[in-house]
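So the sequence lines, in the order shown, correspond to chains A and B. Residue numbering for the first sequence follows numbering that gives the first Met the number 0, starting at 0 and increasing by one per position. Residue numbering for the second sequence follows numbering that gives the first Met the number 0, starting at 0 and increasing by one per position. Below: the structure, in structure tokens.
Protein chains: 2
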Amino acid sequence: MPTIVVDVMPKAELLDPQGKATTGALHRLGHGKFQNVRIGKRFEFTVDGEVTDAVLAEVRKVADETLSNAVIEDVVSITVDGAPVEVAA
Amino acid sequence: MPTIVVDVMPKAELLDPQGKATTGALHRLGHGKFQNVRIGKRFEFTVDGEVTDAVLAEVRKVADETLSNAVIEDVVSITVDGAPVEVAA
């Protein structure tokens, strides 16, 4: 069964407090060269049957409307079995 | 500045309640063809200077020890500016 991966990140213009805390922790642990940590989500799921254009359209719709909150997050990538798929603007 | 992406997923043999809930929600919303949703984390950060082998080793160490919990999670991929880097076994 094909595996689809959807990556969702907090919008660049918004503060990411979780990422900021992680940046601070890395610095305290001596990893000062790592900057601007931002933390998003990675969804992996399988699809029954072949990935047709209609299925891809449904994946984009689900990514935009259900898996991400368009007010604060962007869908940054969608891949099917490792191959990138164009993300709707 | 080079951007590094670290992807962390719950181990395959563990239940992912958040993913299970999302699978159920998708089915209730009429997207029954999507199965086995699992939800992990995606870390994006930048590095000061060039990405040398020493920096990569430090990224792997940070990914394994700080960004993920090895008891319940796996580091599934590390990329530098989009190019995959071998993940330590």
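Just so it is clear, CB atoms sit at the ideal spot from N, CA and C, and this is done for glycine as well.
query                                                                                                                                                         : result
Beta carbons nearer than 9 Å to chain B: which residues of the segment 23 to 43 of chain A have them?                                                         : Ala-24, Leu-25, Leu-28, His-30, Gly-31, Lys-32, Phe-33, Gln-34, Asn-35, Val-36, Arg-37, Ile-38, Gly-39, Lys-40, Arg-41, Phe-42 and Glu-43
Sorted by chain position, which residues of the same chain lie with C-beta nearer than 7 Å to Phe-44/A's C-beta, five sequence neighbours on each side aside? : Ile-3
Shortest alpha-carbon distance to His-160/B belongs to which of Arg-59/A, Glu-72/A and Asp-80/A?                                                              : Residue 160/B cannot be examined here, being either before or after the span of chain B that is shown, 0 to 88.
Give the residues of chain B in contact with Asp-6/A, contact being defined as C-beta atoms less than 7 Å apart.                                              : Arg-41
Select from the segment 55 to 87 of chain B all residues with a C-beta closer than 7 Å to any C-beta belonging to chain A, and list them in chain order.      : Glu-57, Val-61 and Thr-65
Bridge partners for Ala-34/B per DSSP, in chain order?                                                                                                        : In the sequence on display, residue 34/B carries Gln and not Ala. Thr-45/A, per the DSSP bridge assignment.
How far does the beta strand (DSSP E) with Ala-98/B in it extend, from its first residue to its last?                                                         : No answer is possible for residue 98/B: it lies beyond the span of chain B, which begins at 0 and ends at 88.
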